[in-house]
Amino acid sequence: MQNILRNLDLQNHPFIVKEIDFITAVFNQNKALLSHSNGLNLVFYEQSESIKNEFPEKEFYPLKIEKLKKSFFELEKIQLIESLLNTISKTDNLTKNLLSKKELNEADITLYKNRIGDLESVIEFEEHLKVLKSYFTDLKNHFPKFDIGKMHESWKIQMNQNALCKMKSEEGVELLRIPFGNYLYIPMNENLEIRTVYTGFKPFPLIGSGNKEYWQKVNGGWKVIHSDQTWIS
1231 MQNILRNLDL QNHPFIVKEI DFITAVFNQN KALLSHSNGL NLVFYEQSES IKNEFPEKEF
1291 YPLKIEKLKK SFFELEKIQL IESLLNTISK TDNLTKNLLS KKELNEADIT LYKNRIGDLE
1351 SVIEFEEHLK VLKSYFTDLK NHFPKFDIGK MHESWKIQMN QNALCKMKSE EGVELLRIPF
1411 GNYLYIPMNE NLEIRTVYTG FKPFPLIGSG NKEYWQKVNG GWKVIHSDQT WIS
């Protein structure tokens, strides 16, 4: 990584000097991107901490959690696991008894179907689980959206030529979206506990993907703690 910075004459950049551990971790994570013959756009940006819209649902979240907990307690009351194991055992025994008969008549089959029908009712708890799933889904919705941030500096890098070209200054310009292609967007906010890095990599003309990575310092080193795919081709 130091060679990359040295070759590109970036090693003395104030932000890189101050955040060398973070930059090193991000560069090491993206070695294939940095060494690709088509090059990439390297962008330093100010990660936004502002909210796009309000969060009116915030006051209802304690009620949502209470509703979820109540549903779990209801499942606990019906001894879900024991009921399921008991049902499986009874179904197994009924089926073995039916199959052990040398000859089957209509009554045997009818009684078997009825017994299985009784046991089937035990698994109606699935409806409870569907309700629980809807509660979890609801917890993920209604959150406010955040702006991406503002452009600070950007370069076009051609690693195979050790070429570094600073692009037209767009400092302070709001980032409305992250483009497709080969890129690395690195936040310059030094005070953020979790930093958002955007990566895009197209190793071949019609094949590639982009990711939104959340980085955090874990046990003294910067790590990706979560990643969402933003595009694929």
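If you number the sequence shown the way the numbering used here does, the last residue is 1463 and the count never jumps.
We put the CB at the ideal spot given by N, CA and C, even for glycine.
Spell out the partners DSSP gives residue i in its beta bridges.
i: P1292; result: Per DSSP, none; premise fails for P1292.
i: N1421; result: BP columns for N1421 are empty, so no partner.
i: K1453; result: Q1446
i: S1439; result: F1431, I1462
i: L1405; result: G1379
i: T1321; result: Answer is none; T1321 lacks a bridge partner.
i: L1414; result: L1272, T1429
What residue range is occupied by the uninterrupted alpha helix (DSSP H) comprising residue i?
i: L1264; result: 1261-1264
i: P1244; result: 1244-1248
Mind checking whether residue i and residue j have CB atoms under 8 Å apart?
i: Y1275; j: P1433; result: no
i: Q1259; j: V1448; result: no
i: N1271; j: N1412; result: yes
i: I1462; j: S1439; result: yes
i: L1369; j: K1294; result: yes
i: Q1277; j: G1379; result: yes
i: W1452; j: D1251; result: yes
i: E1420; j: K1248; result: yes
i: E1287; j: H1372; result: yes
i: L1329; j: I1346; result: no
In the DSSP assignment, find the unbroken beta strand (DSSP E) run with residue i in it and report its ends.
i: V1273; result: 1270-1277
DSSP three-state label for residue i, please.
i: E1287; result: helix
i: S1301; result: helix
i: N1371; result: coil
i: K1332; result: coil
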